[in-house]
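Please read the structure below before turning to the comments.
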Amino acid sequence: MVKNWAKRFREGREDVSDDPRSGRPISILTVENIECVRQVIEDDPHSTYEDIIVKTDLSRGTIERIIHDHLKMRKVVSRWVAHQLTDEQKQKRLQIYRQNLEKFRNGTWQLCDIITGDETWIYHRQIGRKSSNSTWVGENEPPRTI
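For the sequence shown, position 39 matches number 21 in our numbering, and the numbering has no gaps at all.
Here is the structure:
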């Protein structure tokens, strides 16, 4: 290394700054870039580094520094939590089911009159491999559940 620099100075070089090179330029760490990465993660907590690179046009190294050093986030695998009903909830569902069945049997309701629903929010994405279930979480946040 020193031998190369000595040769360059003998050839007339006067400073030690790097020569221009091809490739992606170093991304500048700015408040705007940090907010841009934060917004991408808030919009889709399942986003990968590649997704963030495409949406922000920042280098992977810059994104890693922003996520880990500035946003204090880490990527963790979501935990599966089975939907457990209490005995009271089960009884209420059974009661409503029986009332609806009786209305259907005596002809006051037709099948097309029945509408069901619940309060579940579902992302429109298939749950695949374990790596696809990982999400970005803050420094003191627990893993999300699925």
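Where a beta carbon is used, it is the ideal one built from N, C-alpha and C, also for glycine.
Query	Result
Could you tell me the distance, in whole angstroms, from the CA atom of N122 to the CA atom of I78?	41 Å
Indicate whether P125 and R42 have their beta-carbon atoms separated by less than 8 Å.	no
What residues match up with V59 in a beta bridge as DSSP calls it?	S116
Just to confirm, is the Cβ distance from V59 to S116 under 8 Å?	yes
Buried or exposed, going by whether 16 or more other CB atoms sit within 10 Å of the CB of N152?	This structure does not reach residue 152, given that the chain is present from -17 up to 128, and the question cannot be answered.
Alpha carbon to alpha carbon, how far is Q21 from K(-11)?	49 Å
Inspect the CB distances between the region 14 to 28 and the region -10 to -1 and report whether three or more fall short of 8 Å.	no
For R3, which three-state DSSP category applies?	coil
In angstroms, rounded to a whole number, what distance separates the CA positions of V(-16) and P27?	47 Å
Give the DSSP-derived three-state secondary structure of G(-6) in the structure shown.	coil
Going along the chain, which residues of its own chain have a beta-carbon closer than 6 Å to the beta-carbon of I16, five neighbours each way excluded?	I48 and H52
Just how far apart, CA to CA, sit V13 and I45?	13 Å
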